[in-house]
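Each number in this note's numbering corresponds to the 1-based position in the sequence shown with 3 added. Every residue, glycine too, gets a C-beta built ideally from N, C-alpha and C. Reading through the structure tokens given below for one structure.
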Amino acid sequence: MRVADYIAGHLSRIGVRDVFLLSGGGMMHLIDAVSRTEGITYHCNHHEQACAMAAEAYARLTHQLGVCYATSGPGATNILTGLVGAWIDSAPVLYITGQSNVRQSIRGSGIKGLRQFGTFEVDAVPIMQSVTKYAVFLDDPLKARYHLERAIHLALSGRPGPVLLDVPLNVQGAKIDPATLEGYDPAEDDTRLPASPGADVMRSIVERLEKAERPLILAGHGVRVAGAAALFCSVIDALHIPVVTTQLANDLLAYEHPLFVGHPGVKGDRPGGFAIQNADVILTLGCSLHAQTTGYETNLFAPKAFKIQVDLDDAVLQRENVGVQQKVRSSVTGFLTALRCAMPPTWQGTRFAPWRNRCQDWKERYSILKEPHDFSDGPVNYYEFQHILSELLKGDEAIIADAGSAFYIFGQAFRCKGDQRYIASGGLATMGYTVPACIGAACAEPRKMIIGLTGDGSFHMNVPELQTILHGNFNIKLFVLNNSGYSCIRNTQDTYFGGHHVGTEAESGVSFPSFERIAHAYDIPYIRCEERSHLRESIAKALAASGPVLTEIICQYDQAFLPLLTSEKKEDGTLVAKPIHDLFPFLDRDELKKNMM
């Protein structure tokens, strides 16, 4: 068989069922082989970036290997943004690229500094090495099994992430005897998860939690990455300790869960901020303590709390900016299992009832919908859209969001419930992510309704993927939130440059087409909502339709993010940084003090 046949066959044997690709001459053997392999369905996108993003969303939703094939040269470089997203958001994706024949390649020539040798050639490996767990130029057919097995093992082990196999044309088509191929021994790489924390470590943590008056759990995306969502819920129910989550962990707990409080951060909410800043012990699970969560002045983050950070990634634990007092290198699964075992039979979670009640009081009194949003008639307020959408969904959907308002306001206003899953371009907030990610999600979970949230600017970056949606007749409900351009950048220009706009709407250089005509061109049913009074009806109509639907929501031009962490400008013009509980619009100072314990 050919090397290409071996690769596709191996993927099928380990359970890969879907591959995302855009055909190209530089990978002709690879795609021929995958099309002939029983058990694998290939899905054709219209841009390699979309292939890369679809594979990444597929991996995150299934916790299995995502696979993307791309051709050489521009095909390989086009996958880069999606690959970086997989790197930052810990998605296990195998990217396989075609390449020029070994003897007609830069690497095969041995000439240092050579820019190009083969037809349309780009040396992909050095471009991808810094954002992959493994990237290799497969120049020896007899090494196909070794490199394939190693790449897959590394993608799925430890902190998951993307890997790259760059396969020259002559290697793709080379005939091999699989029985003679060298295999890979995982012992070559130290990918074993760190041992679960020892008894002494767990005893000290349990004792500290027991003695706390106001303990809090801060849960991040790493809980989902570890496949530990169910275990997490079981443990927190036993602990009876309030929980705040990062935006990417929005789907860990239903909004109505009695232990859920909110989301702290720069564009978080007041309940989450109050809980963090008043806690005396914070147990952080699978959260990198990024500035979007802690605020930009990290010395102001949780100053009263003894902070315990649990993370698998040693590099994350090496950061010193937040003042963590106890760092535990462990998988989330290993730590939660050890924590449950270390809890004494006499654990008194009821002791935290006054603290839980205070957290739930914040959650009720400072609900996002009680902020001074403009809910007047006319164009739709984004916060109200998110609220009504969350009300109307049943609770078993997958929801995808990409950048700008679609990303930030979802994290603030959407109330997750049931078995809903939330997938977003978290580390990059990549414009154009939603549509291809919806395709990946629909392939991963064909029985689920997929909800796609995107802005008019982001949507326009991957419009051709509407044809992929139509071709697959995927049950994708796209909501394009039209705020006349790039509202996040416009808000920034209003704040810092006195309202001088550049490239944010038609008047400043960037315009957009009729999305109704685009939908009709792709034979996608179209719904338009221009008025707040029609919002609930329009959303309900879209959700009730069978197959794909594009719904355009005309939103307020000057939509504000409320609440928001910002600096306070003093009379002398100086800016004073604020902690994450003191969000704009600023509360009366006496009211703020009453919320601090």
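Within a Cβ cutoff of 8 Å, which residues of the same chain sit near residue i, ignoring the five residues on either side of it in sequence?
i: residue 204; result: 331
i: residue 64; result: 401, 424, 426, 443, 444, 447 and 448
i: residue 209; result: 342, 345, 346 and 347
i: residue 526; result: 473
i: residue 48; result: 23, 24, 25, 54, 57, 439, 442, 468 and 471
Terminal residues of the continuous alpha helix (DSSP H) containing residue i?
i: residue 61; result: 51–65
i: residue 174; result: 172–175
i: residue 149; result: 147–159
i: residue 368; result: 356–368
i: residue 194; result: Taken as a continuous stretch (DSSP letters only), residue 194 belongs to no alpha helix (DSSP H), as it is neither H nor E.
i: residue 330; result: Note, residue 330: premise wrong, no alpha helix (DSSP H); beta strand (DSSP E) at 329–332.
i: residue 78; result: 77–81
i: residue 32; result: 31–39
i: residue 496; result: 490–499
i: residue 390; result: 385–395
For residue i, which residues from the same chain have a beta carbon less than 6 Å from its beta carbon, with the 5 sequence-adjacent residues on both sides left out?
i: residue 301; result: 324 and 325
i: residue 454; result: 400, 402 and 480
i: residue 286; result: 220 and 311
i: residue 172; result: 104
i: residue 268; result: 295 and 296
Is it right to say residue i is buried, meaning 16 or more other beta carbons lie within 10 angstroms of its own, or is it exposed?
i: residue 579; result: exposed
i: residue 16; result: exposed
i: residue 369; result: buried
i: residue 297; result: buried
i: residue 474; result: exposed
i: residue 114; result: exposed
i: residue 503; result: exposed
i: residue 24; result: buried
i: residue 373; result: exposed
i: residue 349; result: exposed
i: residue 360; result: exposed
i: residue 261; result: exposed
i: residue 157; result: buried
How is the beta strand (DSSP E) around residue i delimited, first residue to last?
i: residue 3; result: The first residue shown for the chain is 4 and the last is 600, placing residue 3 beyond what the model contains.
i: residue 535; result: Element bounds for residue 535: n/a, residue is neither H nor E.
i: residue 555; result: 552–557
i: residue 235; result: Element bounds for residue 235: not the beta strand (DSSP E) but the alpha helix (DSSP H), 232–242.
Kindly indicate which residue of the options has the alpha-carbon position closest to the one of residue i.
i: residue 145; options: 170, 458, 425 and 124; result: 170
i: residue 61; options: 518, 510, 491 and 436; result: 436
i: residue 185; options: 14, 149, 162 and 384; result: 149
i: residue 564; options: 471, 417, 386 and 557; result: 386
i: residue 319; options: 336, 294, 308 and 341; result: 294
i: residue 420; options: 407, 445, 409 and 392; result: 392
i: residue 193; options: 309, 257, 160 and 288; result: 160
i: residue 251; options: 174, 543, 283 and 405; result: 405
i: residue 74; options: 44, 109 and 123; result: 123
i: residue 266; options: 597, 586 and 111; result: 586
i: residue 379; options: 79, 559 and 596; result: 559
i: residue 333; options: 349, 340, 314 and 178; result: 314
i: residue 67; options: 538, 278 and 229; result: 229
i: residue 555; options: 461, 530 and 143; result: 530
i: residue 376; options: 29, 562 and 12; result: 562
i: residue 284; options: 270, 272, 247 and 299; result: 247
i: residue 1; options: 116, 39, 432 and 20; result: Beyond the ends of the chain as shown, which are 4 and 600, falls residue 1; an answer cannot be given.
Can you round the beta-carbon distance between residue i and residue j to whole angstroms, since I take them to be within the 8 Å contact cut?
i: residue 200; j: residue 338; result: 6 Å
i: residue 85; j: residue 119; result: Their Cβ separation, rounded to whole angstroms, is 24 Å, which puts residue 85 and residue 119 out of contact at 8 Å.
i: residue 493; j: residue 383; result: In fact, because the Cβ distance is near 17 Å, the residues do not count as touching under 8 Å.
i: residue 290; j: residue 249; result: 6 Å
i: residue 137; j: residue 166; result: 4 Å
i: residue 394; j: residue 439; result: That belief does not hold up - the Cβ atoms of residue 394 and residue 439 are roughly 28 Å apart, past 8 Å.
i: residue 489; j: residue 407; result: 7 Å
i: residue 528; j: residue 552; result: 5 Å
Once you ignore the five residues that flank residue i on each side, which residues in its own chain have a CB closer than 7 Å to its CB?
i: residue 422; result: 398 and 399
i: residue 451; result: 399, 400 and 401
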